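See structure below.
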Amino acid sequence: MKQYHLWLILAILILTACAPAEPLTLVPLPTVTPTNEIDARVAEWITVYFTDPEGPGAKKYRGGPDKALAAAIDEARFSVEAAFYQLDLWSMRNALIAAHNRGVSVRLVTESDNFDTAEVTELIAAGITVISDNRGSLMHNKFVVIDSHEVWTGSMNLTTNGAYKNDNNLIRIRSSRLAENYLVEFEEMFTNELFGDYIVTNTPYSTMSVENVPIETYFSPDDGTAAHIVELIREAEESICFLAFSFTSDEIASALIEQAQQGVTITGVFEESQYKSNQGTEFDHLLDAGLDVRLDDNPNNMHHKLIIIDSEVVVTGSYNFSRSAEESNDENTLVIHNTSVAGQYLEEFERVFAMAQP
Numbered sequence: 086m087k088q089y090h091l092w093l094i095l096a097i098l099i100l101t102a103c104a105p106a107e108p109l110t111l112v113p114l115p116t117v118t119p120t121n122e123i124d125a126r127v128a129e130w131i132t133v134y135f136t137d138p139e140g141p142g143a144k145k146y147r148g149g150p151d152k153a154l155a156a157a158i159d160e161a162r163f164s165v166e167a168a169f170y171q172l173d174l175w176s177m178r179n180a181l182i183a184a185h186n187r188g189v190s191v192r193l194v195t196e197s198d199n200f201d202t203a204e205v206t207e208l209i210a211a212g213i214t215v216i217s218d219n220r221g222s223l224m225h226n227k228f229v230v231i232d233s234h235e236v237w238t239g240s241m242n243l244t245t246n247g248a249y250k251n252d253n254n255l256i257r258i259r260s261s262r263l264a265e266n267y268l269v270e271f272e273e274m275f276t277n278e279l280f281g282d283y284i285v286t287n288t289p290y291s292t293m294s295v296e297n298v299p300i301e302t303y304f305s306p307d308d309g310t311a312a313h314i315v316e317l318i319r320e321a322e323e324s325i326c327f328l329a330f331s332f333t334s335d336e337i338a339s340a341l342i343e344q345a346q347q348g349v350t351i352t353g354v355f356e357e358s359q360y361k362s363n364q365g366t367e368f369d370h371l372l373d374a375g376l377d378v379r380l381d382d383n384p385n386n387m388h389h390k391l392i393i394i395d396s397e398v399v400v401t402g403s404y405n406f407s408r409s410a411e412e413s414n415d416e417n418t419l420v421i422h423n424t425s426v427a428g429q430y431l432e433e434f435e436r437v438f439a440m441a442q443p
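Be aware that the sequence shown starts at 86, since it is given in our numbering, and climbs by one per residue.
Quick look at the structure:
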């Protein structure tokens, strides 16, 4: 009887397989969005964060970009390498100590002037190795590499002021090759104790792409960052917008003026306190040349180091447009060629520019 049932089931399956198929409906292929327009694929590996000094969380020090970075560190499985100019955020301290306690390798480099903050002291007490640059110039980087795959960088110091009172940007990019660039720079400082003028030009992928988005990586003073920025400025065809905490570079200012004379629209905002205290600030130079430049309106600091070219190229990182950043400080700069990313930075520029003093 059981054998009969088996033969019956087999016969039904054969008849079903041989039955005429339903008419085939042709489904159109999805439209592929160009990479340098808004693209969901880009959002999967790149995220941009901005501080919100006027927002509801600013006074309570809650919900800033540090929350997202702390959450990423909480998910680290193997390693966290970080180079911070300054650290006094409890969220960062707690996330780094928690990662160390669950067996993640945590290593830090910081600026010697900020080595004795309470939070850094607590990291060392927890067993985390922290080294400083021990020199006059600045270890001015602000970057984190997680699990050799994810890079966080931008203008934001990991401080309460940096995350909640100042205007800043923080960007997360998931790319093992970009992570390798930053890890090579980190090992120079952490393992070899090479800072500033001890120049080693050895970035593995100074130009690369992720999902067809070109990305350039430059470290100072190794890579002649100003020359690369000037080249990008001279390639502009329509517009250049910038936000500058410190801007004393004659080379970059001259390139902006040249482009303005060629009909490129130039707009920018300077940090007011730096304008008043810096020697050689380029604000008056650009203003006298007819460029639309303004002083910021944030009672704390407009701390961005940002250029947006033709609404499609973004220059960001720790690099101020200054001689110190170019010649002596340890800095990092990213250049991202993508209109979707540039659009997010343009929104921040427009917010800061609208509030700035005309």
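Glycine included, each C-beta is placed from N, C-alpha and C at the ideal position.
No experiment lies behind these values; they were computed from the predicted model shown.
Check, Outcome
"Host alpha helix (DSSP H) of L263 (start-end)", "S261 to F275"
"Residue interval of the beta strand (DSSP E) (run including S233)", "From DSSP, S233 is part of no beta strand (DSSP E); its letter is neither H nor E."
"Uninterrupted beta strand (DSSP E) stretches inside the stretch 163 to 226 (no shorter than 3 residues)", "164 to 169, 190 to 195 and 214 to 217"
"Inter-residue CB distance, I393 and F434 (contact presumed, cutoff 8 Å)", "6 Å"
"Exposed unless 16 or more other CB atoms sit within 10 angstroms - verdict on R178", "buried"
"Range of the contiguous beta strand (DSSP E) that encloses A329", "S324 to A329"
"Rounded separation between I131 and W237 - CA only", "10 Å"
"Pair within 7 Å by beta-carbon distance, V194 and A168", "yes"
"Member of N297, V205 and D198 whose CA lies at the smallest distance from the CA of D173", "V205"
"Buried or exposed (CB count within 10 angstroms, at least 16 for buried), T292", "exposed"
"Exposure of Q359, with buried meaning 16 or more beta-carbon neighbours within 10 Å", "buried"
"When D252, T302 and V349 are compared against A329, the one with the closest alpha-carbon", "D252"
"Three-state secondary structure assigned by DSSP to R436", "helix"
"Rounded C-alpha distance that separates D369 from A211", "49 Å"
"Rounded separation between G309 and F406 - CA only", "12 Å"
"Same chain, Cβ closer than 7 Å to I158, five either side skipped, listed in chain order", "V165, A180, L181, A184 and I231"
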